[in-house]
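**Student:** Take the sequence shown: its position 110, counted from the start at 1, is 110 in the UniProt record's numbering, and no numbers get skipped.
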Amino acid sequence: MGRSRPNEGEGEPVSDAYPSVGVVLPTHDRPEMLRRALESVLAQDYGGEVHAVVVYDRATPDESLAGDRVRVLANDRTPGLAGARNTGILALDTDLVAFCDDDDVWLPGKLAAQVAALRAEPRAVLASSAIVIDFDGRELPRVAGRARVTYDELIRDRLMMVHSSTYLARRAELVEIGMVDEEIPGSQGEDWDLALRAARRHPIVHVDRPYVRVLWGLTSHYAHAWETKVAAMRWFLDRYPEIAREPAAAARVYGQIAFGHACNGRRGEALRWSGRALRANWRERRVPFALAVASGLVSGERVLLALHTRGRGI
Numbered sequence: 001m002g003r004s005r006p007n008e009g010e011g012e013p014v015s016d017a018y019p020s021v022g023v024v025l026p027t028h029d030r031p032e033m034l035r036r037a038l039e040s041v042l043a044q045d046y047g048g049e050v051h052a053v054v055v056y057d058r059a060t061p062d063e064s065l066a067g068d069r070v071r072v073l074a075n076d077r078t079p080g081l082a083g084a085r086n087t088g089i090l091a092l093d094t095d096l097v098a099f100c101d102d103d104d105v106w107l108p109g110k111l112a113a114q115v116a117a118l119r120a121e122p123r124a125v126l127a128s129s130a131i132v133i134d135f136d137g138r139e140l141p142r143v144a145g146r147a148r149v150t151y152d153e154l155i156r157d158r159l160m161m162v163h164s165s166t167y168l169a170r171r172a173e174l175v176e177i178g179m180v181d182e183e184i185p186g187s188q189g190e191d192w193d194l195a196l197r198a199a200r201r202h203p204i205v206h207v208d209r210p211y212v213r214v215l216w217g218l219t220s221h222y223a224h225a226w227e228t229k230v231a232a233m234r235w236f237l238d239r240y241p242e243i244a245r246e247p248a249a250a251a252r253v254y255g256q257i258a259f260g261h262a263c264n265g266r267r268g269e270a271l272r273w274s275g276r277a278l279r280a281n282w283r284e285r286r287v288p289f290a291l292a293v294a295s296g297l298v299s300g301e302r303v304l305l306a307l308h309t310r311g312r313g314i
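#1: What are the partner residues of glutamate 139, as DSSP defines its beta bridges?
#2: For alanine 169, which of helix, strand or coil comes out of DSSP?
#3: Check whether the Cβ atoms of serine 129 and arginine 209 sit closer than 8 Å, and answer yes or no.
#4: Which ranges would you report for the alpha helix (DSSP H) in the region 79-112 if only whole runs of at least 4 residues count?
#5: How about threonine 150 and aspartate 102: do their beta carbons lie closer than 8 Å?
#6: Using 8 Å as the threshold, is the C-beta distance between valine 205 and alanine 117 below it?
#7: Closer than 7 Å by C-beta to isoleucine 184: which residues in its own chain qualify, once you throw out the five before and the five after it? Chain order, please.
#8: Assess, as a yes-or-no matter, whether the region 24-40 is touched by the region 54-63 under the definition of 3 or more beta carbon pairs within less than 8 Å.
#9: Quick one: what's got a C-beta closer than 7 Å to arginine 197's C-beta in the same chain, skipping five residues either side?
#10: For arginine 170 and aspartate 93, I'd like the C-alpha separation in whole angstroms.
#11: If I follow the unbroken alpha helix (DSSP H) through residue 321, where does it start and stop?
#12: Give a yes or no on whether the C-beta atoms belonging to serine 20 and glycine 48 are separated by under 8 Å.
#13: Do the region 255-267 and the region 275-289 touch if we need at least three Cβ pairs shorter than 8 Å?
#14: Going by the beta-carbon positions, is the gap between glycine 313 and methionine 161 smaller than 8 Å?
#15: Whose C-beta lies closer than 6 Å to the C-beta of alanine 17 among residues of the same chain, with five residues either side of it excluded?
#16: Quick check on the burial criterion: 16 or more other C-beta atoms within 10 angstroms. Buried or exposed for arginine 71?
#17: Where does serine 164 land, buried or exposed, given buried means 16+ other C-beta within 10 angstroms?
#18: Drop a sphere of 10 angstroms on the beta-carbon of aspartate 45, count the other beta-carbons inside from all chains shown, and report buried for 16 or more, exposed for fewer.
#19: Between which residues of its own chain and threonine 166 is the CB-CB distance below 6 Å, once the five residues before and five after are set aside?
#20: Just how far apart, CA to CA, sit alanine 43 and valine 50?
#21: So which of Arg285, Gly67, Val207 and Glu301 has the shortest CA-CA distance to glycine 109?
#22: Put arginine 213 into one of helix, strand or coil per three-state DSSP.
#23: I'd like the list of long-range same chain contacts for threonine 228, defined as Cβ closer than 7 Å, with 5 residues on each side in sequence excluded.
#24: Identify the continuous beta strand (DSSP E) that holds arginine 71 and give its terminal residues.
#25: Tell me whether the beta-carbon of isoleucine 155 lies closer than 8 Å to the beta-carbon of glutamate 242.
#26: Helix, strand or coil: which one does DSSP assign to glycine 268?
#27: So the candidates are Trp226, Arg158 and Val175; which of them puts its Cα closest to the Cα of glutamate 246?
#28: For glutamate 140 and histidine 308, what's the separation of their Cα atoms in angstroms?
#29: Let me check one thing: in DSSP terms, what residues is threonine 27 bridge-paired to?
#30: Give me the Cα-Cα distance between leucine 237 and glutamate 63, rounded to the nearest whole angstrom.
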């Protein structure tokens, strides 16, 4: 798994057309899903070396998964998704690093398409791709309609298809920009933060064809952690003041915070943040949901179920 030396001032490896790829799969007590995710990674038709690191977060590692192309490790950093990702990144010495969450699946052709796109943009840190959302057996494609994603675009719109399981990055540059931030509460939105930092250096290279199947459901480890979600959104407001200066972005985040408070039964806070969202953008779609939950007309879970059925989140 040796790395080739980068060109002077560029991120492009000097080896050949097939830089080595290391894939980090963080996991927590989802053995069947993990095996499916791992199989999809190892099945990629790619001319270069592909190695996987499975990182167990607050769970006992299953050594039976280890093999010539697979290492099994325990998260030795901050407990949580961010620490698990960084454990894997630091264990690799490949040219490129990719992520695949344990409940997602890579589709055929992902690596080859993204490596080609990344090679065409020598200054780019990160590549992403479109996704297919799998919710209760329904498949809903989500595309971006563009080949590059800029920092300003990511501030204005979270762009759900710029998803962690699509990420392919130059390892040296990924380490240089700080890897995954382990201070974000509950690792909520850690992929958005990483994408923002990568895009700040150079636009993200986006392959706008669905190459990852992303499983959605209310059984997610993070589906109901509203206290943590609110704390994470406050973290983003502090870390990225540009959000508050962009009306649509501010309204989106304020609306998410309002919805989180409503789900936690904090009616006053839900109303306060709903007001802030409406002042930023009177058409902010999350406000009616937050107010409905805060008033007791509907549960937060029911709202999420309705949104997920349409391939949308809060």
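Backbone N, C-alpha and C fix where the C-beta goes; we use that ideal spot for every residue, glycine too.
If you're wondering where the values come from, they're calculated on a predicted model, not measured in any experiment.
**Tutor:** For this structure:
#1: Asp134.
#2: Residue state, collapsed to three classes: strand.
#3: Taking 8 Å as the Cβ cut-off, serine 129 and arginine 209 qualify as a contacting pair.
#4: Correct list: 81-91.
#5: Against a cut-off of 8 Å, the Cβ pair of aspartate 102 and threonine 150 comes out as no contact.
#6: Using a Cβ distance threshold of 8 Å, valine 205 and alanine 117 count as a contacting pair.
#7: Taken in chain order, the residues that qualify are Ala82, Glu190, Asp193, Ala232 and Trp235.
#8: As far as the Cβ criterion goes, the region 54-63 touches the region 24-40, which means the pair count is three or higher.
#9: Answer for arginine 197: Ile177 and Gly178, listed in chain order.
#10: In a straight line, the C-alpha of arginine 170 is about 11 Å away from that of aspartate 93.
#11: Because the chain in this structure spans residues 1 to 314, residue 321 falls outside the shown range and cannot be described.
#12: Yes, these two residues count as a Cβ contact at 8 Å.
#13: Output reads yes: the region 275-289 touches the region 255-267.
#14: Judged by their CB atoms, glycine 313 and methionine 161 are not nearer to each other than the 8 Å cut-off.
#15: Closer than 6 Å at the Cβ level, and outside the excluded window around alanine 17, lies no residue.
#16: For arginine 71, the number of other beta carbons within 10 angstroms of its own is at least 16, and it is reported as buried.
#17: Within a 10 Å sphere around the beta-carbon of serine 164 sit 16 or more other beta-carbons, which makes this residue buried.
#18: Exposed, because fewer than 16 other Cβ atoms sit within 10 Å of the Cβ of aspartate 45.
#19: When the five nearest sequence neighbours on each side are left out, the beta carbons in the same chain lying within less than 6 Å of the beta carbon of threonine 166 are those of Ser128, Ser129 and Val212, in order along the chain.
#20: Those two C-alpha atoms are separated by around 10 Å.
#21: Looking at the Cα atoms, Val207 is the closest of the given residues.
#22: Here arginine 213 sits in strand by DSSP.
#23: Contacts found: Pro185, Gly186 and Gln188.
#24: Start and end: 70-74.
#25: Taking 8 Å as the Cβ cut-off, isoleucine 155 and glutamate 242 qualify as a contacting pair.
#26: Of the three classes helix, strand and coil, the one that applies to glycine 268 here is helix, per DSSP.
#27: Considering only alpha carbons, the answer is Arg158.
#28: The displayed chain sequence assigns leucine, not glutamate, to residue 140. Taking the straight line joining both Cα atoms gives about 10 Å.
#29: Paired residue(s): Tyr56.
#30: Leucine 237 and glutamate 63 have their alpha carbons spaced roughly 41 Å apart.
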